[in-house]
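Trainee: Residues in the sequence shown are numbered from 36 upward in steps of one, following the working numbering.
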Amino acid sequence: MRVLGIESSCDDTAAAVYDSAGGLLSNVVASQVAVHEAYGGVVPELASREHIRSIVPVVEQALARAKTDRDDVDGVAVTAGPGLIGSLLVGLCFAKSLAFARGRPIAGVDHLEAHLFAILLERCVEFPYVALLVSGGHTSLFRVEGFDAVRLLGGTRDDAAGEAFDKAAKRLGLGYPGGVAIDNLARQGDPSRFAFPRAWLSKDSPDFSFSGLKTSLRTFLSSAEGRAFRVEDVAASFQEAVVEVLVGKTLSAAAREGIPRIVLAGGVAANSRLRDRMEAEGSRAGVEVFLPSRALCTDNAAMVAFLGERRLSAGRSDGLDLNAYAASRFSR
Ligand code: KG4
Ligand code: ZN
């Protein structure tokens, strides 16, 4: 079965083709960074308009790269939520129209689930595993028992880790989105030069909090005014505070759950320091760590097509009343 996947939950318009026999045939992402850069964050209304502009060319490119005609698409998978409603609706309406016009089945895919299983496009990972989903909108720990058995263990009480990176980068004048900029700059910095706070919360808590760290950077920068410091050292020290907590809490969750397998997912999982520390500390703790390639960490439609193909091959499709939802469906 050949499935066209569509993703438009935030600020990336993406399409991909996944085939039951041939695997991933194409994976196209159109970024809107240039549109939102001037505002230092995603402007929802502009994002929706940009999706409308990009959806047709992106889908056509994905089909062309997969050497697939529209008639050869056996089913359509689309992100239904969570995300920005206006953005989601563009992908959803397009997918529903295509499915209806061609008489093909449609599957609505949860964006968070898509991230959690993206690793399976590249690696075989035995269930269960503990997954850390870290992106611009989410920072959560999950116990993944199987495709339809995902349990939320904990999550952020305020900012997501990616949000913390983006806001810190803005304060440091590094542009938007800031995660990659901090990652790159931090390579030339000393991570122990400045002691930014680590919010461990209560002992063994699977929850996160990054708002205190954000405030502490603001206080640091206003009190440092006029004094010389290397921005590389600030970037490295800030990044270290985020990474240390992410790694520590993920390893604790794996130990508590008695699961020796950890999967990283989401845009922040592309962070080089997080990847290095997770692998090194995981190996010391006897835990196998699985890292998706960077293109499968950030938003993409390959993960949507992959989950959709599984569902549609099993005969589980949605009706055309499929609707978008803004908030996460996972709760403890
Ligand atoms: O998963 P994603 O593409 O979109 C959401 O669903 O949010 O994640 C985007 C987030 C942004 O906050 C971005 O700054 C962050 O991932 N990010 C990074 C890196 N690459 C992307 N953060 C730290 N280091 C990176 N290398
Ligand atoms: Zn995402």
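Where a beta carbon is used, it is the ideal one built from N, C-alpha and C, also for glycine.
Bridge partners for F325 per DSSP, in chain order?
Mentor: Looking at the DSSP assignment, F325 forms a beta bridge with V298.
Trainee: Using a threshold of 7 Å, state whether the C-beta atoms of V339 and E42 are closer than that.
Mentor: Cβ distance < 7 Å, so V339 and E42 count as in contact.
Trainee: Taking 8 Å as the limit between beta carbons, can you name the residues of its chain near E292, skipping five residues before and five after?
Mentor: These residues qualify, in order along the chain: P163, V165, R178, L188.
Trainee: Would you list, in sequence order, the uninterrupted beta strand (DSSP E) runs of no fewer than 3 residues that lie entirely inside the stretch 100-125?
Mentor: Complete beta strand (DSSP E) runs here, min 3: 110-116.
Trainee: How many angstroms separate the CA atom of R265 from the CA atom of G224?
Mentor: Those two C-alpha atoms are separated by around 8 Å.
Trainee: Contact defined as beta carbons within less than 8 Å: I believe A50 pairs with G343. What is the distance between those atoms, to the nearest angstrom?
Mentor: With 8 Å as the limit, A50 and G343 do not qualify as a contact, their Cβ atoms being about 12 Å apart.
Trainee: Does the distance from the CB of D60 to the CB of A101 come in under 7 Å?
Mentor: For the record, residue 60 in the displayed sequence is Leu; it is not Asp. Going by C-beta atoms, L60 is nearer than 7 Å to A101.
Trainee: If you measure from the CB of S287, is any heavy atom of the ligand KG4 nearer than 6 Å?
Mentor: No, since every heavy atom of the ligand KG4 falls outside the 6 Å radius drawn around the Cβ of S287.
Trainee: Going by other Cβ atoms of all chains shown within 10 Å of its Cβ, with 16 needed for buried, is A115 buried or exposed?
Mentor: Per the 10 Å Cβ criterion, buried.
Trainee: Excluding sequence positions up to five away, which residues of its chain have a Cβ less than 6 Å from the Cβ of F200?
Mentor: Correct list, in chain order: G213, G214, I217.
Trainee: Count Cβ pairs between the stretch 302-318 and the stretch 115-128 that sit closer than 8 Å; are there 3 or more?
Mentor: At 8 Å Cβ cutoff, the stretches do not touch.
Trainee: Quick one: what does DSSP say E279 is sitting in, helix, strand or coil?
Mentor: Helix.
Trainee: Looking only at C-alpha atoms, which of V93, R88, T103 sits nearest to V38?
Mentor: It is T103 whose Cα lies nearest to the Cα of V38.
Trainee: What would DSSP say about V77, mapped onto helix, strand or coil?
Mentor: Correct three-state label for V77: coil.
Trainee: For the ligand KG4, any of its heavy atoms closer than 6 Å to the Cβ of N306?
Mentor: It does: the Cβ of N306 is within 6 Å (strictly closer) of some heavy atom of the ligand KG4.
Trainee: At what residues does the alpha helix (DSSP H) containing G214 begin and finish?
Mentor: Start and end: 213-221.
Trainee: Please name the residue, chosen from F255, V280, G197, L209, that lies closest to K238 on a Cα-to-Cα basis.
Mentor: Per the Cα distances, V280.
Trainee: Is it right to say S272 is buried, meaning 16 or more other beta carbons lie within 10 angstroms of its own, or is it exposed?
Mentor: Classification for S272: buried.
Trainee: Among all residues, which have a Cβ less than 6 Å from at least one non-hydrogen atom of the ligand ZN, and in what chain order do they fall?
Mentor: Taken from the N-terminal end onward, the list reads H146, H150, S170, G301, D334.
Trainee: Between the alpha carbons of F135 and G58, how many angstroms are there, rounded?
Mentor: Rounded to the nearest angstrom, the two C-alpha atoms are 25 Å apart.
Trainee: Beta strand (DSSP E) containing E180: first to last residue?
Mentor: Where E180 is concerned, the enclosing beta strand (DSSP E) stretches over 174-181.
Trainee: Of the residues D106, E72, S66, which one's Cα is nearest the Cα of I90?
Mentor: Ranking the options by Cα distance to I90, first place goes to S66.
Trainee: Tell me whether Y74 is buried or exposed, calling it buried when 16 or more other Cβ atoms sit within 10 Å of its Cβ.
Mentor: Y74 should be labelled exposed.
Trainee: Grab me the residues of A230's own chain with a C-beta within less than 8 Å of its C-beta, minus the 5 sequence neighbours each way, in chain order.
Mentor: Closer than 8 Å at the Cβ level, and outside the excluded window around A230, lie S272.
Trainee: For the ligand KG4, is there a heavy atom less than 6 Å away from the beta-carbon of F200?
Mentor: Yes, the ligand KG4 has a heavy atom inside 6 Å of this Cβ.
Trainee: Identify the continuous alpha helix (DSSP H) that holds G197 and give its terminal residues.
Mentor: Where G197 is concerned, the enclosing alpha helix (DSSP H) stretches over 196-206.
Trainee: Under three-state DSSP, which class holds G189?
Mentor: Correct three-state label for G189: strand.
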